[in-house]
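Asks: Have a look at this one.
There are 2 protein chains.
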Amino acid sequence: MGTRIADSVRERIEQMIVTGEFADGERLDEVKLAEQFGVSRTPLREAFQALAASGLLTLEARRGAFIRHPGFVELVEMFEVMAEIEAMCGFRAARHITSQQIADINLTIEACERAIQQGDSDEYYRENEKFHHLIYEASSNRFLAREAARLHKRLKPYRRMQLRVTGRMPQSMKEHRAIFAALQRSDSKATATALRLHVAIQGEKFNDLMANFQQLAAVRTG
Amino acid sequence: MGTRIADSVRERIEQMIVTGEFADGERLDEVKLAEQFGVSRTPLREAFQALAASGLLTLEARRGAFIRHPGFVELVEMFEVMAEIEAMCGFRAARHITSQQIADINLTIEACERAIQQGDSDEYYRENEKFHHLIYEASSNRFLAREAARLHKRLKPYRRMQLRVTGRMPQSMKEHRAIFAALQRSDSKATATALRLHVAIQGEKFNDLMANFQQLAAVRTG
DNA sequence: GTTCTTCTTCTTGTATACAAGAAGTTTGAC
DNA sequence: GTCAAACTTCTTGTATACAAGAAGAAGAAC
Numbered sequence: 438m439g440t441r442i443a444d445s446v447r448e449r450i451e452q453m454i455v456t457g458e459f460a461d462g463e464r465l466d467e468v469k470l471a472e473q474f475g476v477s478r479t480p481l482r483e484a485f486q487a488l489a490a491s492g493l494l495t496l497e498a499r500r501g502a503f504i505r506h507p508g509f510v511e512l513v514e515m516f517e518v519m520a521e522i523e524a525m526c527g528f529r530a531a532r533h534i535t536s537q538q539i540a541d542i543n544l545t546i547e548a549c550e551r552a553i554q555q556g557d558s559d560e561y562y563r564e565n566e567k568f569h570h571l572i573y574e575a576s577s578n579r580f581l582a583r584e585a586a587r588l589h590k591r592l593k594p595y596r597r598m599q600l601r602v603t604g605r606m607p608q609s610m611k612e613h614r615a616i617f618a619a620l621q622r623s624d625s626k627a628t629a630t631a632l633r634l635h636v637a638i639q640g641e642k643f644n645d646l647m648a649n650f651q652q653l654a655a656v657r658t659g
Numbered sequence: 438m439g440t441r442i443a444d445s446v447r448e449r450i451e452q453m454i455v456t457g458e459f460a461d462g463e464r465l466d467e468v469k470l471a472e473q474f475g476v477s478r479t480p481l482r483e484a485f486q487a488l489a490a491s492g493l494l495t496l497e498a499r500r501g502a503f504i505r506h507p508g509f510v511e512l513v514e515m516f517e518v519m520a521e522i523e524a525m526c527g528f529r530a531a532r533h534i535t536s537q538q539i540a541d542i543n544l545t546i547e548a549c550e551r552a553i554q555q556g557d558s559d560e561y562y563r564e565n566e567k568f569h570h571l572i573y574e575a576s577s578n579r580f581l582a583r584e585a586a587r588l589h590k591r592l593k594p595y596r597r598m599q600l601r602v603t604g605r606m607p608q609s610m611k612e613h614r615a616i617f618a619a620l621q622r623s624d625s626k627a628t629a630t631a632l633r634l635h636v637a638i639q640g641e642k643f644n645d646l647m648a649n650f651q652q653l654a655a656v657r658t659g
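Heads up: the protein sequence lines correspond to chains L and G, in order. Under our numbering, think of the first position of the first sequence as 438, with each following residue one higher. Under our numbering, think of the first position of the second sequence as 438, with each following residue one higher.
Here's what the structure looks like:
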């Protein structure tokens with residue numbers, strides 16, 4: 438990735454969208470953003486296209502680019518798909534994982550535990566991400582791993598929102614250990630089930646997410 | 438989708454890639470293609486971006502656009518993921534499907550049967566596609582349906598290649614009926630299993646695909 | 001003869017200019 | 001006073017011009 442303006446602009450807009458700087462349905466003004474960033478419309482439009490491809494905004498012909506935040510229902514749907522994909526990764530990983538990969542995953546668990554003790558949530562998120570990516574790769578299906586990573590990235594802001602709920606981090610930690618244990622004994626089904634439960638939004642998590650979501654929506658409209 | 442040059446160019450290049458007009462790793466010349474299509478580089482570059490986003494080619498910074506055909510391994514990997522996603526759609530569809538949707542699916546099966554009798558393979562492909570899309574939608578998870586459709590589209594050329602094998606069409610037909618029967622009695626697990634088997638590449642299908650693939654590779658290099 | 005360096009050429013990335021369609025406003029008719 | 005039509009303005013889509021980096025060729029040094 439050389440020093441392409443289009444890429445850096447894409448990153449910046451992505452960040453702005455993800456941190457909720459734009460309201461749902463808002464139209465992004467090409468010329469305004471272009472001069473705000475001090476670039477021409479060309480790289481900006483490229484960024485728009487890329488963002489549209491990853492679903493963060495929609496391009497309507499001759500109308501412009503519009504922010505498209507997932508609604509609550511879509512969010513639940515996305516997590517449901519993510520849960521299944523993670524389960525598939527886990528199922529396959531349990532059969533193909535190497536001892537090196539097991540060791541690597543163990544490292545992320547230990548790092549997560551340290552992060553919790555030190556109250557370093559950023560570090561926790563980073564290591565949590567590593568944990569999941571290592572499982573994607575251990576599936577030894579590179580296409581699957583890429584797709585999983587793509588969806589994982591897209592859900593990033595909402596996962597963070599979910600993890601803020603009190604007591605979620607230690608619970609998540611426990612689940613990681615269960616997944617790891619299943620992986621270690623090459624138990625495909627148990628790994629898949631543990632991962633599905635870990636990712637899926639159900640029971641308490643559903644209510645927590647809904648509460649967070651409504652709060653967010655209130656801030657936006659208010 | 439108004440009359441955007443970028444879109445039509447995208448379609449045309451996509452068609453060219455899918456029909457194997459370019460060799461793997463080949464670089465696509467912007468200016469050459471632009472004058473070939475009688476357009477400027479701008480819409481052409483937009484098309485490149487879109488194609489790169491859907492994985493048909495890769496953009497290397499300051500190097501250009503390169504064709505990236507999936508190898509045999511990646512193809513098998515993709516079908517494996519597709520099988521699982523279809524299974525997920527089927528599992529959910531069996532629980533949520535309406536009588537209207539069941540009727541619609543039945544229509545596609547009948548149309549497929551007619552197409553086989555008349556030897557109209559194009560019509561068969563069309564109705565086959567409808568069959569699968571109806572199941573995606575019946576999952577009542579719109580995000581899942583979109584993802585399934587996306588992957589389905591990407592695998593289109595290779596599925597066609599697979600269906601050319603003698604006797605595959607009647608066999609496929611039988612599988613459709615089995616899937617339909619499972620759906621009708623709301624049997625989630627049976628629907629999922631039937632769809633997984635229908636899509637997955639295994640046993641004879643594996644050999645058939647490999648043979649076809651090697652043949653294609655030989656044509657390309659020869 | 002080979003290899004390294006420099007220069008040229010070519011290609012991509014960005015900016016700007018131009019064209020065409022969409023939205024909003026004003027004016028006229030009823 | 002309201003509705004419709006035409007006009008103006010604004011925005012997107014496309015073309016072209018320009019800049020900068022990459023690849024290849026030519027020449028010099030060893």
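In this text, a Cβ means the ideal position worked out from N, Cα and C, and glycines have one as well.
Whole angstroms is fine: what's the gap from His570 (chain L)'s alpha carbon to Arg551 (chain G)'s?
Replies: Straight-line Cα distance between these residues: approximately 47 angstroms.
Asks: Bridge partners of Ile504 (chain L), per DSSP?
Replies: For Ile504 (chain L), which the question treats as bridged, DSSP gives the partners L:Leu494.
Asks: Would DSSP call Arg464 (chain G) helix, strand or coil?
Replies: Reduced to three states, the DSSP call for Arg464 (chain G) is strand.
Asks: Tell me whether Met438 (chain L) is buried or exposed, calling it buried when 16 or more other Cβ atoms sit within 10 Å of its Cβ.
Replies: Residue placement at Met438 (chain L) cannot be trusted, given a pLDDT of 47 that sits under 50; the coordinates are not used to answer.
Asks: So, at 7 angstroms on beta carbons, what are the nonlocal neighbours of Arg447 (chain L) in its own chain, with the 5 sequence-adjacent residues on each side left out?
Replies: Excluding sequence neighbours, Arg447 (chain L) sits near Ala484, Ala487 and Leu488.
Asks: On the criterion of 16 or more Cβ atoms from any shown chain inside 10 Å, does Asn565 (chain G) qualify as buried, or is it exposed?
Replies: Buried.
Asks: Quick one, are the C-beta atoms of Glu511 (chain G) and Val636 (chain G) less than 7 angstroms apart?
Replies: No, Cβ-Cβ distance for Glu511 (chain G) and Val636 (chain G) is not below 7 angstroms.
Asks: Can a CB atom of chain L be found closer than 7 angstroms to the CB of Met438 (chain G)?
Replies: Per-residue confidence for Met438 (chain G) stands at a pLDDT of 46, beneath the threshold of 50, marking its modelled position as unreliable; the derived number appears in the next sentence. With 7 angstroms as the cut-off, Met438 (chain G) counts as an interface residue toward chain L.
Asks: Quick check: is the beta carbon of Gln486 (chain L) nearer than 7 angstroms to any beta carbon in chain G?
Replies: Yes, Gln486 (chain L) lies at the interface with chain G (some Cβ there is under 7 angstroms from its Cβ).
Asks: Could you list which residues in chain L have their beta carbon closer than 9 angstroms to that of Ala490 (chain G), in chain order?
Replies: In chain order: Gln486, Ala487, Ala489, Ala490 and Ser491.
Asks: In chain order, what residues of the same chain lie with their CB nearer than 7 angstroms to the CB of Lys611 (chain L), ignoring the 5 residues before and after it?
Replies: Closer than 7 angstroms at the Cβ level, and outside the excluded window around Lys611 (chain L), lies no residue.
Asks: Rounded to a whole number of angstroms, what is the C-alpha to C-alpha distance between Thr478 (chain G) and Ala471 (chain G)?
Replies: Residue identity check: residue 478 (chain G) is Arg in the sequence provided, not Thr. Near 6 angstroms, if we compare the C-alpha coordinates of Ala471 (chain G) and Arg478 (chain G).
Asks: Please state if the CB of Ile534 (chain L) and the CB of Leu620 (chain L) are separated by a distance shorter than 7 angstroms.
Replies: In contact: Leu620 (chain L) and Ile534 (chain L) (Cβ atoms closer than 7 angstroms).
Asks: Quick one: residues in its chain with C-beta nearer than 7 angstroms to the C-beta of Tyr595 (chain G), no 5 flanking neighbours on either side, listed in chain order?
Replies: Once the five neighbours on either side are set aside, the close Cβ partners of Tyr595 (chain G) are Leu512.
Asks: Indicate the three-state DSSP secondary structure (helix, strand or coil) for Arg622 (chain G) in the structure shown.
Replies: In this structure, Arg622 (chain G) counts as coil in the three-state DSSP scheme.
Asks: Which residues of chain G have a Cβ atom closer than 8 angstroms to the Cβ of Leu581 (chain L), listed in chain order?
Replies: Per Cβ cutoff of 8 angstroms: Glu514, Glu517 and Val518.
Asks: Please name the residues in the stretch 582 to 598 of chain L whose beta-carbon is closer than 7 angstroms to at least one beta-carbon of chain G, in chain order.
Replies: Within the stretch 582 to 598 of chain L, the residues whose Cβ lies closer than 7 angstroms to some Cβ of chain G are Glu584, listed in chain order.
Asks: On a CA-only basis, which of G:Val518, G:Ala615, G:Leu465 and G:Arg529 is nearest Arg500 (chain G)? Give me that one, please.
Replies: Per the Cα distances, G:Leu465.
Asks: Would you tell me roughly how many angstroms separate the C-alpha atoms of Gln555 (chain G) and Arg622 (chain L), rounded to the nearest one?
Replies: Answer to the nearest angstrom: the Cα atoms are 54 angstroms apart.
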